Structure formats: C-alpha cells, structure tokens
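Have a look at the structure below, then the notes.
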Amino acid sequence: MPLQGKAAQKPKTPSTDASPSNPLPATAPTAQPAPAITVAERTQQRTDESRPFEAVRRKSGLAALPDEDRAAWYACHFARSLPAKRTRLPPKFQRELWRAVNDAGLPLRPLPRTYSWGIDRSGQDVGRYPTPRFDERFAKRTRLTELVLQSKAFRERRDRLRSGSAEAGDIITDSDIQEERLRRSEMAKLKSELYGVVPEGGFATDPEWDDVLPLPVEEPEGALATISYPAEYATAISYLRAVMANKEYSARSLRLTETIIDMNPAHYTVWLYRASILLAMALPIPAELAWLNAVALEHLKNYQIWHHRHLLIDQHHPTLASDPAAAAALAASERDFLAQILAHDTKNYHVWSYRSYLVAKLNLFADPAELRAVDVLIDDDVRNNSAWSHRFFLVFSDPAASTPGAHATEHDPAVPQATVDREVAYAQEKIALAPQNQSPWNYLRGVLVKGGRELASVEGFAEGFVTGLEGKSGGKEDVRSTHALDLLAEIYAEKGDRERADLCLRRLGEKWDRIRVGYWEWRRKCLEV
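Heads up: the sequence shown at position 66 corresponds to 283 in the working numbering, and the numbers run straight through without jumps.
Here it is in structure tokens:
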C-alpha cells in the first residue's frame, strides 16, 4: 500500500548545510514516479515506496541522509530485527523506539525486492500484463473465490440435510438450487477464462446431479478409430450410462434423455430408455405425444422418433378401448399431425409406415376421414405412389371386408364387388389425368387381382391410349401411355393372342421405351415358353 502520514513526506530533502563533498540529489527521493504500464512496473514502484531511503542509501551510504531521516532508518531497521534477536529491552527504550518508528511512518515489513507473478494458462508472464488487464483478472479470481466458498457452504448444508444432522435454519428451497446452478455455471466460465479448464457441461455444474458418478465411454486401448465426441455430448452420455446402470426412472432422467435427444436424435438407446421411464412412472401419453410432435417436425427423416411413437400408441391404446370419443380424438389429432409432416415431404416412408400401423391399431379402415385425407393427397399429386399404396391398404385390408391374412397380390373373395367397381372407376379417372403415370396403372392391376377379374375386363379402356400400332388400322401410330401398351401385351397374352402381344412388346423396345429394350426383349422371349 502507498505510505500515509509522515511516511508520505519521507525522505526529506537534505538541508542546505549538507557537506558539498557528499551532495544528495534533491529530487531523487521525492520525484513522482511515472504511471505504471505493466504489473511488474507497478510492483517495483510499490517496492520502492516501501523502502523510501534505499536508493540513496545504496548509492551514497547512510551518511548522505539527513540526521532525522537517518535516525528514522536506524529505528525501523532495529525494530525489524528485534523478533529475530529475541532481545529484552528496557521499557523506556522500547517506548522511545516505537515512538520514533511511528513518527517516521515507515513500514516495518517492506515488500521483497523481487517478486514473480508467474505465468498464465497461455504461458505469458503475468508481470507483463497491462495493469487494467491484471486488475480485471484479479477481480475475476476474487469473484471465483467468493463463489467457491458459497458453493461449499451450499454442499455442506445439503449434506447435513441428507445425513439427518441438519442444524437450525438448514433448508434448501428450489430457489436455492437454481441459485447454486447459476453459481456453478459462473464458476465454470471463470475457470475457463482464468485457467483454461474445459467446462464439464450442465450436468457437472448442476447440484441436482451431484449424487451421480458419471460413467464415461472408454475406448479400447489401441483402437484404430476412436470417436471424438463433443465434450458436452460425452458428459451427457456418461451421466446417461450411470442412471441406466442404476435403473433410475425419475424426472431428472427423463430430462436427461430430452437433452441427449436434442443433441443426437438418432441415438436409439436413449429413446428406449425414455420409453421405459414413461412406462415406469406412468406418465400421461398425450403429453409425450405433444412433445414428440415438435421433435418430429425438426427431424423429419428420423426413424427412432416413429418407433417411439409406435410404443406410445401401444401403451396408450388399452385405455381407449372403453372410450370411443377419446379414440376418435386421438385419431383426428394424429391425422392432423401427419398432415403437417407430409406437407414437408409427401413421400416420407416413416410417416406412411406409421400411418398404416395407426389405421390397423385404431381400426380406421372404415373411417371416411382417413379415405378423404388420402384422396386429398392424390388430388394434390396424382403421382404420389405412397398415397396410392396407402389407399390400397386402407380399402383392401379392412377386416370387415376382406379375408384376414390374405396376400396383397391374390384374389380375395371377401372383397365386395361394389368396392372393386368403385376402385376401378377411381383408378381410371386418375389415369385420364396423367396417362403416363405408373401409380394408378399399378393400382388398377391390383384392384382387378383382388376382385378376381381378368385383365381383359379393361381392354377397351387400355386401347383408348394406343392407336395405329405400327400403321395398323390405317392410322398414325400414337401411344399416349407406355403402361397401357404394356397392359395390352399382358391382356393379349392372357387371351392367347401371341402375335399382338409380341407386337406391343416389340414396339415398346423399338420406339416407345427404348431405354428398357433388353427388358422388353426378355418379355418377348417369355411369350414363346
């Protein structure tokens, strides 16, 4: 600290009667030092202030000092050496000595002549720091010390509560826990800035997880390709492994799974563990579905999300058996959610697979709303093969109007003929909109097979898309749909007219679908068998 009182006036300038043979520099002891730029310079200035006569003494000797200053120097020097000498002095002498020391105002313990401030985390000498930077660093270290002491007090209070040895006033509220959480976050930030300590993540600084010993993932020694996990993710996984090993099903474990899913939604193990927690804690499924909706909209092509949804519906379904209104509400909400997903990608395989599962689980085969929803998708994009496939499943897999276990490509006598007529007409209507679209042609074939009808039943319809084949019938050859020509080849072969079937296949390879000429030639050879 800078000297105060009389010491601030020392050393006094020598009197004009001083011997000219040993002059004192009148300005040296009293000159104001230049402002310190670095920490080392400021330290040196403070060292010099704690030894105000040292520069003159070392340069010219004690004789160069005025009598009063020299007496003050002797008194302080003698007082400093008393503890080491353990000398017992007369009381009067002691009083006079300490009066002289006090009047001089000199520090009994001057700062050491040399001092090392050490190096920082980057290897830089702290003594070279500009003073504002050092003061900022010192404030951070002081703040860190304060936080460490507060955190220690929190831990001790919590440990006393857990051990049953709590003292009066030992309580921990939610606000205390939140305050400790913020405190540890600030501590982690300060440690990183001051010492380069990598933050361990939210779990290591969260008092809620103090009782969990994380189990880090250990790669085998000498592994060729170790996985470099981000620090935050590796920390979260180590806590996940710990709670899974303890089979802990709790609210904090559920929040942990949410954190990991946010970082890696494809982690199938954490999804299974989350489902186990929901089951063990008997948590409400609708709330989980609402949370899952937001996650699914962020990760449209994630398989694990849809498998988790399967498990949720399986778990929730028994509660709907006695509540048709709740089942209908669930079906409607799921349909609305699926519409949101399909608005981003109408051919998302995971969504259509889940939709088929949902129809079977909730028995929505005869639900007009489901059929209308598929119609809307086909009207929006008649080439949406996923929507066509779902319609086929919806119409021909209804347990009330089909044979259980019947294969999709075989005749099912349980299917009403009225349904077959309706679907044939529907397919023909959509074919007319886009004749070269393969989806409704395949659908038409499937409907005819399910209904036990021959392909020849739509011969006239297919011939409407093919005219003047190879100049026959006197007209110009025009094929508006290669799928119609393909179907005609099968119809003619079915009727035994190999010549006309061969003509259809040959023209497909020669002109209308030359990119697959090898396939059409193979089909022609099959006619000869």
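C-beta atoms are modelled at their ideal positions from N, C-alpha and C, and glycine is treated no differently. Values in this document were obtained by computation on a predicted structure and should not be read as measured data.
>> Given this structure, state the Cα-to-Cα distance separating K357 from A453, to the nearest angstrom.
In response: Rounded to the nearest whole angstrom, the CA to CA distance from K357 to A453 is 28 Å.
> How about R377 and D387: are their beta carbons less than 8 Å apart?
Replying inline: Judged by beta-carbon spacing, D387 lies within the 8 Å limit of R377, meaning their Cβ atoms are closer than that value.
> Do A548 and L579 have their C-beta atoms closer together than 8 Å?
Replying inline: The answer is yes: Cβ separation under 8 Å.
>> Quick check: the region 513-524 against the region 539-548, are at least 3 beta-carbon pairs closer than 8 Å?
In response: Taking 8 Å as the limit for Cβ pairs, the verdict is that the region 513-524 does not touch the region 539-548.
>> Please tell me whether R401 and S368 are closer than 8 Å, where the distance is taken between their beta carbons.
In response: Taking 8 Å as the Cβ cut-off, R401 and S368 qualify as a contacting pair.
> When the Cα atoms are used, what is the spatial distance from C293 to A272?
Replying inline: Taking the CA atoms as reference points, C293 sits about 16 Å from A272.
> For T359, which of helix, strand or coil comes out of DSSP?
Replying inline: Three-state DSSP puts T359 in a helix.
>> Counting C-beta neighbours from all protein chains within 10 Å, is the total for C721 16 or more, i.e. buried, or is it exposed?
In response: Result: buried.
> Can the beta-carbon of A289 be found closer than 8 Å to that of A253?
Replying inline: No, the Cβ-Cβ distance between A289 and A253 is not below 8 Å.
> Does the separation of the CB atoms of F609 and S573 fall below 8 Å?
Replying inline: F609 is not a Cβ neighbour of S573, given a cutoff of 8 Å.
>> Buried or exposed, going by whether 16 or more other CB atoms sit within 10 Å of the CB of I336?
In response: The C-beta of I336 has fewer than 16 other C-beta atoms within 10 Å across all chains shown, which makes the residue exposed.
> Should K742 be labelled buried (16 or more other beta-carbon atoms within 10 Å of its own) or exposed?
Replying inline: Looking at its Cβ environment, which holds fewer than 16 other Cβ atoms inside 10 Å, K742 is exposed.
>> I'd like the list of long-range same chain contacts for R330, defined as Cβ closer than 7 Å, with 5 residues on each side in sequence excluded.
In response: Taken in chain order, the residues that qualify are T264.
> If V675 sits next to L661, beta carbons under 8 Å apart, how far is it from one beta carbon to the other, in whole angstroms?
Replying inline: In this structure, V675 and L661 form a Cβ contact; the two beta carbons are roughly 7 Å apart against a cut-off of 8 Å.
>> List, from N- to C-terminal side, the alpha helix (DSSP H) runs of 4 residues or more that fit wholly inside the region 550-576.
In response: Here no run is fully enclosed.
>> Considering Cα atoms alone, identify which of A651, Q653, Q645 is closest to G677.
In response: The candidate whose alpha carbon is nearest that of G677 is Q645.
>> Residues in the same chain with beta-carbon distance under 6 Å from Q257, minus the five sequence neighbours each way, listed in chain order, please.
In response: The amino acid at residue 257 is misidentified as Gln; the sequence shows Ala. So the list reads G344, once near-sequence residues are dropped.
>> With H, G and I counted as helix, E and B as strand and the rest as coil, what does DSSP make of P585?
In response: It is helical.
> To which residues of the same chain is E410 closer than 8 Å at the C-beta, ignoring the five residues directly before and after it?
Replying inline: So the qualifying residues of the chain are K357.
>> Please report the straight-line C-alpha distance between E667 and A499, rounded to a whole angstrom.
In response: It is worth fixing the name first, because residue 667 is Lys in this sequence and not Glu. About 44 Å.
> Expressed to the nearest angstrom, what Euclidean distance is found between the alpha-carbon atoms of V683 and E727?
Replying inline: Approximately 15 Å, taken between the alpha carbons.
>> Only counting the same chain, and skipping five residues up and downstream in sequence, which positions put a Cβ closer than 7 Å to that of Y466?
In response: In chain order, S493, I494, A497, M498 place their CB closer than 7 Å to the CB of Y466, counting only its own chain and leaving out the 5 sequence neighbours on each side.
> Where does R740 land, buried or exposed, given buried means 16+ other C-beta within 10 angstroms?
Replying inline: Burial state of R740 is buried, judged by a 10 Å Cβ sphere holding 16 or more other Cβ atoms.
>> Tell me which residue opens and which closes the alpha helix (DSSP H) that D265 is part of.
In response: Element bounds for D265: 256-266.
> Around the Cβ of Y456, are there at least 16 other Cβ atoms within 10 angstroms (buried) or fewer (exposed)?
Replying inline: Buried, by the Cβ-count rule.
> Hey, L725 and L705 are a contact pair by Cβ (cut 8 Å); roughly how many whole angstroms apart?
Replying inline: Contact between L725 and L705 does not hold, since the beta-carbon distance rounds to 10 Å and is not under 8 Å.
> What's the C-alpha gap between I648 and R469?
Replying inline: Cα to Cα, the separation comes out at about 56 Å.
> How is P482 classed by DSSP in three states: helix, strand or coil?
Replying inline: Coil.
> What's the C-alpha gap between S238 and S277?
Replying inline: Per-residue confidence for S238 stands at a pLDDT of 40, beneath the threshold of 50, marking its modelled position as unreliable; no derived number is given.
> Which residue spans inside the region 337-413 form an unbroken alpha helix (DSSP H) run of at least 4?
Replying inline: Listed in chain order, they are 348-380, 391-412.
>> Strictly by DSSP, which residues pair up with V683?
In response: Residue pairing by DSSP puts V683 in a beta bridge opposite V696.
> Are the Cβ atoms of D598 and T563 separated by less than 8 Å?
Replying inline: Result yes, Cβ atoms of D598 and T563 sit closer than 8 Å.
> If you draw a straight line from the C-alpha of R491 to the C-alpha of N565, how long is it?
Replying inline: Straight across, the Cα-Cα distance linking R491 with N565 is about 25 Å.
> With 16 other CB atoms within 10 Å as the buried threshold, where does E505 fall?
Replying inline: Around the beta carbon of E505, a 10 Å sphere encloses 16 or more other beta carbons of the protein chains shown; the residue is thus reported as buried.
>> In whole angstroms, give me the CA-to-CA distance for A296 and W334.
In response: Roughly 29 Å separates the two Cα atoms.
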